[in-house]
Amino acid sequence: MNWYDKLNEYFPVEEMKSRDHMETLLKEKEGVYGKDEGPYHVLMYAEFDEFLFVDYLFVSSKSRGQGLGGKLIDKLKAKNKPIILEVEPVDYDDTDTAKRLKFYAHNGFAHARRIGYSRRSLATGEKTSLEILYWAPNHEGEETVEQAIYDHMRKTYEEIHTYKDEDFYGESYEHTDEVFDFHEEERRKEDILEPFTVSA
Numbered sequence: 001m002n003w004y005d006k007l008n009e010y011f012p013v014e015e016m017k018s019r020d021h022m023e024t025l026l027k028e029k030e031g032v033y034g035k036d037e038g039p040y041h042v043l044m045y046a047e048f049d050e051f052l053f054v055d056y057l058f059v060s061s062k063s064r065g066q067g068l069g070g071k072l073i074d075k076l077k078a079k080n081k082p083i084i085l086e087v088e089p090v091d092y093d094d095t096d097t098a099k100r101l102k103f104y105a106h107n108g109f110a111h112a113r114r115i116g117y118s119r120r121s122l123a124t125g126e127k128t129s130l131e132i133l134y135w136a137p138n139h140e141g142e143e144t145v146e147q148a149i150y151d152h153m154r155k156t157y158e159e160i161h162t163y164k165d166e167d168f169y170g171e172s173y174e175h176t177d178e179v180f181d182f183h184e185e186e187r188r189k190e191d192i193l194e195p196f197t198v199s200a
């Protein structure tokens, strides 16, 4: 099974980019969009000057418990840039979402609680709300970090997620301003990682 099929089998349809989209990113955004794959993993990521974005991380159940996911994250941390990624809110009917959150909590990620992020899937037409997790090498104040993460996510959406979207999907994704919102302090969301941080 090739790398795309592994991702396609594991990730929900509303989160998947098309094969053409991803192959074009690898070719036309060489040096920015990259792939790290092995027999038991596929990691798709974008590396910008200021930050890294993890697009997809798949670790085969055959290798779980061997610390492979943590090693892949450590490899990215070694670049000494903030790392950001998207996750689904925890769904207790889907144990994978809880496992994923526990994994990122254990690896030192924080929840960007002031960022609202909801985008329409061109595959299903449905709006999906996602949460942003981040790891920052310099532990600046949360306020400074979250503003930077917000700006980084907007850049990722514009340069990676919606790259040539009409060519691949026949229509465009929503404008960045319709997808992201930076909440006021008092509208900060509950920390989705807290239950996992306590038990990690």
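Quick note: the sequence shown, position 90, residue 90 per the UniProt record's numbering, numbers continuous.
The beta carbon of each residue, even a glycine, is placed where N, CA and C say it ideally should be.
Self-check item: Among Leu122, Ile115, Leu76, nearest to Gly108 - alpha-carbon criterion
Solution: When each option's Cα is compared against that of Gly108, the closest is Leu76.
Quiz item: Could you give the uninterrupted runs of the beta strand (DSSP E) lying entirely in the UniProt domain "N-acetyltransferase" (1 to 131), keeping only those of 3 residues or more?
Solution: The UniProt domain "N-acetyltransferase" (1 to 131) contains these whole beta strand (DSSP E) runs: 33 to 38, 41 to 47, 52 to 59, 83 to 87, 115 to 120, 127 to 129.
Quiz item: Where does the unbroken alpha helix (DSSP H) through Asp165 begin, and where does it stop?
Solution: 165 to 169
Quiz item: Three or more C-beta pairs closer than 8 angstroms, one from the region 183 to 195 and one from the region 147 to 158: is that the case here?
Solution: no
Practice problem: Return the chain-ordered list of same chain residues with a C-beta closer than 6 angstroms to the C-beta of Phe196, the five sequence neighbours on each side being excluded. | Solution: So the qualifying residues of the chain are Leu101, Lys102, Ala105.
Quiz item: Going by alpha carbons, who is nearest to Asp49 out of Asn80, Leu57, Asp165?
Solution: Asn80
Quiz prompt | Cβ-based burial, Ala78 [other Cβ within 10 Å; buried from 16] | solution = exposed
Quiz item: Tyr150 by DSSP, collapsed to three states: which one?
Solution: helix
Practice problem: May I ask you to list the residues that DSSP assigns as paired with Asp181? | Solution: Gly116
Quiz item: What's the C-alpha gap between Ser60 and Gly38?
Solution: Answer to the nearest angstrom: the Cα atoms are 10 angstroms apart.
Quiz item: DSSP three-state call for Tyr173: helix, strand or coil?
Solution: coil
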